[in-house]
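Read in order, the letters of the sequence shown correspond to residues 1 to 227 in full-length UniProt numbering. Down below is the structure, laid out as structure tokens.
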Amino acid sequence: MAFKLVLPQCEQTPTCVNHPPEWEKPLRIQIIGLNKDLNNLFDDGIKMPTPKSSLDRATEFIEPGLRLVQMAFRLLYGRDPDPGNPSDMIPRHQYDIWRGATEDRVLLPEPILEGYAITFDHLVGPDDEDDPETLMLNIVDPNDPLRADLVTIDKSPYTSGPEPVLLLVPRCCQARKGTTDRRRINREIREAKLPEEVRFKRLEEESRAYEEKLLRKSKAQASSDVV
Ligand SMILES: [Zn+2]
């Protein structure tokens with residue numbers, strides 16, 4: 001049975017302005033989930049793709065990602081995106097999340113595929129494009145102790161119901177405050193627009209800097225071993 005995606009009520013006092021957001025407010029919305037959870041979301045059993053490495057990136061928005069956005073949009077706004085209004089919902093950016101690597105940095109020889117992030121715009125016009133207000137949402141399995149601790153809401157209504165549930169939790173009801181969300185999400189969109197060769201050059205430089213840092217560390221370690 002597919003898990004049902006649920007947007008819990010805001011438990012802040014007063015409730016947070018973006019939980020749920022107002023219909024008319026321009027917002028850039030990012031959703032992040034673990035692939036093990038996202039793989040449970042779809043009735044027809046569609047699964048998250050398995051890229052070969054952290055550099056192997058889909059060039060088009062993946063089907064499960066677009067479906068996740070549709071589901072989340074329905075929960076946030078109580079309706080489907082309006083096909084007659086193109087700016088109602090525009091997918092902007094997606095990336096895989098690897099443990100041991102960030103989007104542009106490869107930090108381990110064999111990073112492990114862990115999750116997926118997708119960002120879409122709601123009514124964001126050209127004037128807001130550079131730095132719109134953002135809303136960060138995480139998919140959380142209320143029965144996964146490691147994940148459930150990330151959210152501050154009462155999990156008990158969701159842990160033993162007749163159907164398995166995954167929670168779509170806005171940042172306001174999470175343990176982490178997310179003070180850098182807006183800067184990070186908007187930077188990701190700006191950098192995604194850079195030409196591939198610029199991104200690749202940056203990636204190479206960062207990987208080299210990281211290797212040098214590791215080397216320095218191991219040299220320091222070796223000399224302290226001698227002492
Ligand atoms: Zn909230």
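Note that CB positions come from ideal geometry on N, CA and C, so glycine has one too.
What is the DSSP secondary structure of Ala117, counted as helix, strand or coil? strand
Do the segment 153–160 and the segment 203–220 make contact, defined as three or more Cβ pairs closer than 8 Å? no
Using DSSP's beta-bridge definition, name the partner residues of Thr134. Arg28
Quick check on the DSSP output: the alpha helix (DSSP H) that includes Asp128 runs from which residue to which? Per DSSP, Asp128 belongs to no alpha helix (DSSP H) and is neither H nor E.
Those runs of the alpha helix (DSSP H) which lie wholly inside the segment 2–52 and span at least 4 residues: Correct list: 35–38.
Can you find the residues in the same chain that come closer than 6 Å, C-beta to C-beta, to Gln12, ignoring five residues on each side of it along the sequence? Cys172
Can you find a heavy atom of ligand 1 that lies under 7 Å from the Cβ of Pro91? no
Closest by C-alpha distance to Met48, when choosing among Arg28, Tyr95, Leu75, Asp80: Tyr95
Can you tell me whether Thr134 is buried or exposed? The criterion is at least 16 other CB atoms within 10 Å of its CB, across all chains shown. buried
Would you grab the beta carbon distance between Val165 and Phe3 for me? Rounded to a whole angstrom, and I think it's under 8 Å. 6 Å
Rounded C-beta distance between Ile189 and His93? I'm assuming under 8 Å. 6 Å
Just tell me which of Leu167, His122, Ile118 has its CA closest to the CA of Asp80. His122
Heavy atom of ligand 1 within 7 Å of Pro170 beta-carbon: yes
Quick one: grab the DSSP three-state call for Pro83. coil
Between Gly78 and Leu55, what straight-line distance do the alpha-carbon atoms span, to the nearest angstrom? 37 Å
Presumed contact (8 Å Cβ cut-off) between Leu66 and Pro83, rounded CB distance: Contact flag wrong, Cβ pair sits at about 14 Å.
Distance between Ile185 and Thr50 (C-alpha atoms, nearest Å): 24 Å
Quick check: Leu167 and Pro8, are their CB atoms within less than 8 Å of each other? yes
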